[in-house]
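Per our numbering, the sequence shown starts with residue 16, numbered consecutively.
We put the CB at the ideal spot given by N, CA and C, even for glycine.
Notes follow the structure.
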Amino acid sequence: AKEKGRREGNLYTFNSHHNATATAEMAITLTLAASKRITTADDQLRTGDWRGRGLPLRDGPMPPPVLEQVIMDGQTVLILGLGAVGSRVANVLTAFGTNVLATTRTGKASKKYYVSPAVKIFSGSEIMDLLPRAQIVIVCLPLGPDTSGLLNRKALARLPSGAIVVNVGRGPVVDEAAVYEALTTDSIACYASDVWWNYPKSWQQACNSSPAKFHDFSTLPRHKILFSPHRGGAIGTRDNDRRLITAITTSLTNYALSSTDNPSALATGDITPLDLDVGY
16 AKEKGRREGN
26 LYTFNSHHNA
36 TATAEMAITL
46 TLAASKRITT
56 ADDQLRTGDW
66 RGRGLPLRDG
76 PMPPPVLEQV
86 IMDGQTVLIL
96 GLGAVGSRVA
106 NVLTAFGTNV
116 LATTRTGKAS
126 KKYYVSPAVK
136 IFSGSEIMDL
146 LPRAQIVIVC
156 LPLGPDTSGL
166 LNRKALARLP
176 SGAIVVNVGR
186 GPVVDEAAVY
196 EALTTDSIAC
206 YASDVWWNYP
216 KSWQQACNSS
226 PAKFHDFSTL
236 PRHKILFSPH
246 RGGAIGTRDN
256 DRRLITAITT
266 SLTNYALSST
276 DNPSALATGD
286 ITPLDLDVGY
């Protein structure tokens, strides 16, 4: 049907990026939570344990124990994918004083999204050369033949020691076995993800399903893994529903008021055509 529609010129598919802001916010949230070890600090203080603060006390050890954290200013962050989500993430991170690198298929920014001039853009073919420069990698890529397993053992081994990997794209862009091995061998410091390799297919499964297919990430220390059950798109929330309705009604209104009968005119505002050749 897809090929027939394309040949006959009567198949039009569009994507609303109404949830791009929410997904970008999730990427920033996971990045900061991982870099500041928020979950570990929360666990400790819930039990009354202040020792991770690092403040010297008269009757305490010298130097005192400290819960490490990454200061974003001056760090190099590599964003894989600079579309509706990645561009927003890049713009926010530049405000933190980070050195932002980003990759696109073409090595150029899309004209559809504003990208800060401070962001350095590279072709996706240069990822292996960019990884050693990045203290933090944020995946904002869709899943496709060119991105599945992109961050495999070889790629993760290129990262500097103590690197953080954040994923708000699709789970299989990061190889499950490779990232588990990198975490258990301390090759990377943390994997913070909103997207996974295994999803429940029923309400009953949703009550007790591992997000991984082959490895038990729940046994890892809290500071090494951050779980989020694919809620970056804010599905079902009032804010998200309002954005979706606004995107659709604005597009339909603009089309109705236009002088063309070509459905491609629906691609206005947050709504963009899908490229059937690449799958997004």
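query                                                                                                               : result
contact_flag[the region 202-216, the region 175-193] where n(CB pairs < 8 Å) is 3 or more                           : yes
Beta-carbon proximity of threonine 109 to valine 100, cut-off 7 Å                                                   : no
Three-state class that DSSP yields for alanine 124 in the structure shown                                           : coil
Within 7 Å, strictly: CB atoms of alanine 207 and alanine 37                                                        : no
Euclidean distance between Cα positions of tryptophan 211 and serine 274                                            : 44 Å
Same chain, Cβ closer than 7 Å to leucine 171, neighbours up to 5 away in sequence not counted                      : Ala193, Val194, Ala197, Ser202, Ile203
Sequence-distant residues of the same chain with beta carbon closer than 6 Å to alanine 133, five excluded per side : Thr109
Check whether valine 189 and leucine 166 have beta carbons under 7 Å apart                                          : yes
Beta carbon of leucine 93 nearer than 7 Å to that of alanine 149                                                    : yes
Element boundaries [alpha helix (DSSP H), containing asparagine 30]                                                 : No alpha helix (DSSP H) contains asparagine 30, which is instead part of the beta strand (DSSP E) from 29-31.
Proximity of leucine 139 and arginine 168 at Cβ, strictly below 7 Å                                                 : Reading off the sequence, residue 139 comes out as glycine, not leucine. Contact: no.
Distance between beta carbons of valine 104 and isoleucine 43, contact taken as under 8 Å                           : 6 Å
Valine 104: first and last residue of the uninterrupted alpha helix (DSSP H) it sits in                             : 99-110
Residue from Thr46, Asp64, Gly75 with nearest C-alpha to glutamine 84                                               : Thr46
Alpha helix (DSSP H) runs wholly inside the region 204-257, at least 4 long, in chain order                         : 218-221
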